[in-house]
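Only one structure is covered here, and it is reproduced in the block below.
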Amino acid sequence: MPKNPSSTEPSVAAPASETVRAAVTVMLGLYFVGLALSIMANSASGSSALVRTIHGRLFSPWMTPPWLDLGYDTKLTYGLPDDADHRIEVRRQGTPSTVRPLVLPAAGMRAERARRWRRLARAAVIAEQDPDREALLPAAIGAGLFDDVGGEDLSLRILREVRPERAEVATVGAGQPRFEQAYAARVRRVDGELQLIKNEPKEELAPVVREPMP
Amino acid sequence: MSGRPTTLSDAIGATWNRYWFTPADPRPLAIVRIFAGCLALALWLSYAADLEAWFGPAGIVSQELLRGWRSPWAVSLFDLAGSPGLLRALWIGGAVVLAMLTVGLATPVSSVLAAILFSSLLHRGPMLAGPADDIVAVILWCLAIGRAGDALSIDRLLAARAGHAAPPPTVRTRIALGLLQVHASVIAAAAAVAQLKGDVWWNGMAAWWLAMRSDSRVIDVSGLFARSEYLTNLITHAIPLWELLFAAGVWFVPLRRLLIPAALVAWPLIGLLAGEPYWGLAMAVLSTASFRLTGGVR
Chain W
20 MPKNPSSTEP
30 SVAAPASETV
40 RAAVTVMLGL
50 YFVGLALSIM
60 ANSASGSSAL
70 VRTIHGRLFS
80 PWMTPPWLDL
90 GYDTKLTYGL
100 PDDADHRIEV
110 RRQGTPSTVR
120 PLVLPAAGMR
130 AERARRWRRL
140 ARAAVIAEQD
150 PDREALLPAA
160 IGAGLFDDVG
170 GEDLSLRILR
180 EVRPERAEVA
190 TVGAGQPRFE
200 QAYAARVRRV
210 DGELQLIKNE
220 PKEELAPVVR
230 EPMP
Chain Y
1185 MSGRPTTLSD
1195 AIGATWNRYW
1205 FTPADPRPLA
1215 IVRIFAGCLA
1225 LALWLSYAAD
1235 LEAWFGPAGI
1245 VSQELLRGWR
1255 SPWAVSLFDL
1265 AGSPGLLRAL
1275 WIGGAVVLAM
1285 LTVGLATPVS
1295 SVLAAILFSS
1305 LLHRGPMLAG
1315 PADDIVAVIL
1325 WCLAIGRAGD
1335 ALSIDRLLAA
1345 RAGHAAPPPT
1355 VRTRIALGLL
1365 QVHASVIAAA
1375 AAVAQLKGDV
1385 WWNGMAAWWL
1395 AMRSDSRVID
1405 VSGLFARSEY
1415 LTNLITHAIP
1425 LWELLFAAGV
1435 WFVPLRRLLI
1445 PAALVAWPLI
1455 GLLAGEPYWG
1465 LAMAVLSTAS
1475 FRLTGGVR
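Quick mapping for you: the protein sequence lines, in order, are chains W and Y. In this note's numbering, each residue's number is its place in the first sequence (first place is 1) plus 19. In this note's numbering, each residue's number is its place in the second sequence (first place is 1) plus 1184.
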C-alpha cells in the first residue's frame, strides 16, 4: 500500500531553466572541443605543435584523469609486423635451451586476460622506438618475473608472429604459426640494482675495426 | 519560446535545445546500463588472476615504471594500494560496485563510483588497456551523468514498493543519451579514418592480416579468405564503409531505424574478426543508446 497517495500521481519533468541550459551548453561545447583535440592530438600520424600545445595545456589536465583523453583510432591492422600477435618468453639465464621457457600469455590463458599480456608484450617492442620509454617495460617485465623463473638473472625474449601472405597460404597451406624474435635482453639484479643488457641483432652491430699494424 | 524559428541562428538554437534538453525516457539508458555493466564487469574480472603479478608490490607495472610511462595528469586510486591485501580489497570493491550498477542498486552513487574506479584501474596499467576499455570508460561516464537507475533497476523496484511513482523523463537522461550518440558517431568515424591511412584497407588485404593472428583470433576464417581473394577484399572494404555509414547515419532518423539493429550484429562481427570481441560488443552497446532517441534529420 502506498504510504502517501499523492506520491503515486504521475510526476511531470521540470524543464531546464535558461541558466541551466546556458551552463550545460558551455560545458558541452568545451567538452566537444576537448574531444576533437584529443582525437587530433592522439592520432598515430602525429599532430601539429599548435594542437599539441592547446590540447596539452588546456584539455589534458581534466580529460586525462577520467580516461577520456584518447584518439579512438582503432585501426585494427595495417598488416605490419607490429600488428601481429606478440608473446613474452623468459628463462633463467644459463638454462639449457631444451628446458621449456615461461611463455606469457600461457597456453591456459583465455580471452581478455591473454589479450592484456599480448598488449604488454607489444607495448614493450613498440616503446623501443620511443627514446623516453626505451627499455623501461622490458626491464619491468624481467624484474616482475624473477620469482617465476626462480632467479634474479633471466633471458627475456619478445616474439611476434610471422604471418604468411595470402597467396602463399592459397598455394602451400597455412602450416604451423611461426614466431620471430622482436626483442631480446638479459635482465638481472646485481647488488640491488636492476640491469638490462639488450641483445642487438647481429646485423646492427658495428664491425670491429682494427688499427693496421705498423 | 513559441512559433517557428525565423532565422538560421534561431533554427540552430531550437535544434540544439530540442536535442539536448527534451526530457528523455529512462529505459534506453537503463538498457545501456545493464549491458555496459556486464561488459565492464567482464573486463574488470579479466584482471583477477594477474592482479598481483601486474600491480602488486613486486609486480611488473611498478610505480617507478608508471612515472616514466603515463601522463603526468593520470591519477589512479590503485596507486594508493601499496599492499597485496589493499589491492585485492580495492579490486573486489570495484567488482561489487560494477555489479551494483548492472542491477541498478544505489545507482546515483554506484554509477559515479563505477566510472571513477574503472578509469583508475586503466590508469594503473595503461599498457594493458585495449579498445574495449576505452569505449566502456566513455559509457560509464555517460551513465554517471544520466539517471541510469530510473528504470529496470532494483532502485526502481524498491521505490515502487514504497509507493513512489515512476520518475518522469529527465533532461539529465537526455544529455547522457545524447553524449552516447555523439561518441558512437565520433568513435566510428575516428576508427574509419585511422584505418583508411593504411594501405591494406585500400588494397583489400586488411581482413587477411586480421584473420592471420593465430593467437588472438576468436574465429578462424583464414581458410575461407585463402580460397577467395574477392571475399577478403569485400570484408576489408565493408568494415570502414560500415563505420562511415554508421557515423553519419545515426543522425538521420529513417536511416537510424535500420542502422541500429544492424549495429547490434555488425559491431560484434567486426570485433570477432579483429580478435577484439569485447570492443565489438562495447560498440554495439554504445549504439543502442541512439535507438529510441528523437532528434536528428527526418
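Idealized CB from N, CA, C, for every residue including glycine.
- The beta-carbon separation of A1214/Y and S1337/Y, rounded to 6 Å, stays under the 8 Å limit for a contact.
- In the DSSP assignment, Y50/W falls within the alpha helix (DSSP H) that extends over 37 to 60.
- Rounded to whole angstroms, the gap between the alpha carbons of L1305/Y and T1191/Y is 49 Å.
- In the structure shown, S1474/Y falls within a coil segment according to DSSP collapsed to helix, strand and coil.
- The CB of I160/W comes closer than 8 Å to the CB of I1244 in chain Y, given here in chain order.
- Counting of Cβ neighbours within 10 angstroms places P80/W among the exposed residues, the total staying below 16.
- Interface residue (Cβ-Cβ distance to chain W less than 8 Å): F1409/Y is classified as such.
- Taking the beta carbon of R1211/Y as reference, no residue of chain W falls within 8 Å; the closest one sits roughly 14 Å away.
- If you ignore the 5 residues before and after V1402/Y, its C-beta comes within less than 7 Å of the C-beta of L1456, G1459, P1461, all in its own chain and listed in chain order.
- Residues of the segment 1417 to 1450 of chain Y whose Cβ lies closer than 7 Å to any Cβ of chain W: none.
- Each residue's CA atom was taken as its position, placing A1375/Y and A1316/Y some 13 Å apart.
- Between V1377/Y and A1368/Y, the alpha-carbon positions lie close to 14 Å from each other.
- In this structure, I1423/Y keeps its C-beta atom at 8 Å or more from the C-beta atom of A159/W.
- Here S1303/Y is buried: its Cβ has 16 or more other Cβ atoms, across all protein chains shown, within 10 Å.
- Taken in chain order, the complete alpha helix (DSSP H) segments of 4 residues or longer contained in the segment 111 to 168 of chain W are 130 to 145, 155 to 163, 165 to 168.
- Residue state for V1245/Y is assigned as coil, using DSSP reduced to three classes.
- Under the three-pair Cβ rule at 8 Å, the segment 1381 to 1391 of chain Y does not count as touching the segment 1349 to 1363 of chain Y.
- Those residues of the segment 1354 to 1371 of chain Y placed with their C-beta closer than 7 Å to a C-beta in chain W are T1354, V1355, I1359, V1370, I1371, ordered along the chain.
- Residue environment analysis places V118/W among the exposed positions, since fewer than 16 neighbouring C-beta atoms fall within 10 angstroms of its C-beta.
- H74/W sits in a helix when the DSSP states are folded into three classes.
- At least one beta carbon of chain Y lies nearer than 8 Å to the beta carbon of P85/W.
- Of all residues in the segment 46 to 59 of chain W, only L47, Y50, F51, L54, A55, I58 place a beta-carbon less than 9 Å from a beta-carbon of chain Y.
- Interface annotation, Q1247/Y: not in contact with chain W, CB-CB separation never under 8 Å.
- If the five residues before and after L156/W are omitted, its C-beta is found closer than 8 Å to the C-beta atoms of L139, A142, A143, A146, all from its own chain and listed in chain order.
- In terms of beta-carbon proximity, T93/W lines the interface with chain Y, with at least one pair separated by less than 8 Å.
- For S174/W, the secondary structure class from DSSP, reduced to helix, strand or coil, is strand.
- For Y202/W, DSSP records a beta bridge to I177/W.
- Each residue's CA atom was taken as its position, placing V1355/Y and N218/W some 60 Å apart.
- By the 16-neighbour rule on beta-carbons within 10 angstroms, G1266/Y is exposed.
- Close to P1315/Y, with beta-carbon spacing below 7 Å, are these residues of chain W in chain order: T93.
- As DSSP reads the structure, V209/W sits in a beta bridge with E212/W.
- Distance from the CA atom of P183/W to the CA atom of S1400/Y, rounded to whole angstroms, is 16 Å.
- Proximity to A189/W across A1313/Y, R1308/Y, G1407/Y peaks at G1407/Y, based on C-alpha coordinates.
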